[in-house]
Structure formats: structure tokens, C-alpha cells
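This report refers to the structure that appears directly beneath it.
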Amino acid sequence: MRKFLMMCAVLSLSLTTFGQVERIVGDWKTVDDKTGDNFAIVHIFKAINGLYYGKIAKMLVGNGNLVCDRCEGADYNKPLEGLIIVRDMKAIDGELREGRVLDPESGKFYYGKIYLKEGRLILRGSLDKRGFFGRNQTWLRAE
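Going by this note's numbering, the residue at position 30 of the sequence shown is 10; the numbering climbs one at a time, nothing skipped.
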């Protein structure tokens, strides 16, 4: 009986954390840190490889022809709309972690972590894997 109750508890906890990650999937409105204006709609999705990604689905500023002119490699001068900015995230304990986040303004990649807090998406970009040296952005669910 104890084993059965323990299995039920573990299964319940697993389903709860899985549900938390699945609520991260979808469309999120980003806000420009400097101006406070809506910047873009980012679509977070789970790919067939089991990892999570986020791409800019729609730009809310400019006239649709903004490019990532500070990006390097294959992303150089790519249009921001359609650009993958969240890459290779793993679902761990109800959060997305161990991936990278691209800042299109600087063209730099940061270690990333994504979680939900009070119905809002918190994206933490940091210089170190532990997340000590970085900053948060709060995204709102897009209508």
C-alpha cells in the first residue's frame, strides 16, 4: 500500500510540473525594457526533438523590415520576424532551462531560464549558467 501511495504522489507531482511547462507554450507579448512599449509576439513551442524554442512571430514595432544586424553567423541580417530567439530549452522541474536566449538588440546569446509566476512568463538571461549575473524580462500572454 505504501508503494502504491508513493507512486501516486510521484505521478501527481510529475503531471503538475509537466502542466506548468505546457502552460509556457504559446504566444507571449514582449515589452521593450527602455521604452515600456510592446515589442513583439514570441511563440514558444516544443519541437520534435523534445526541446523548446521561441521565435518572433510578429513584430509590434517598426514596419516589419527590422533585421538582426548585430547577430553573428547564420542569424546575421535575418529579419527579426521569424527569428528563433529561445533555443534548446529543456523542461526541468516545471521550468525551461539549460538553453540559450538571443538578445536581438545586441546580437549576443545568454544562458536562459523560463518560468511562470502569477500568470506571467519570466525569462531570465544570464552570463553564467547558475543565473547569478543577469536580468529578468516579464512577458504577458498574448491575446
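Backbone N, C-alpha and C fix where the C-beta goes; we use that ideal spot for every residue, glycine too.
Buried or exposed by the 16-neighbour rule on C-beta atoms within 10 Å, applied to residue i
i, result
"Tyr56", "exposed"
"Lys93", "buried"
"Phe19", "buried"
"Glu75", "buried"
"Ile65", "buried"
Local conformation of residue i per DSSP, three classes
i, result
"Val41", "coil"
"Glu75", "strand"
"Val22", "strand"
"Ile4", "helix"
Within 9 Å, strictly: CB atoms of residue i and residue j
i, j, result
"Ile21", "Ala122", "yes"
"Ile36", "Gly62", "yes"
"Gly87", "Cys48", "yes"
"Tyr95", "Arg80", "no"
Residue closest to residue i, alpha-carbon to alpha-carbon, out of the options
i, options, result
"Trp119", "Gly30, Leu107, Arg100, Gly111", "Arg100"
"Val1", "Tyr32, Val47, Gly16", "Tyr32"
"Ile24", "Lys9, Gly16, Asp13, Lys14", "Lys9"
Endpoints, beta strand (DSSP E) assigned at residue i
i, result
"Ala54", "Premise fails: Ala54 is in no beta strand (DSSP E) and is neither H nor E."
"Ile102", "100 to 106"
Heavy atom of the ligand GDP within 8 Å of residue i beta-carbon
i, result
"Gly79", "Inclusion of the ligand GDP in the displayed structure is not the case, the ligand content being empty and no account of it being possible."
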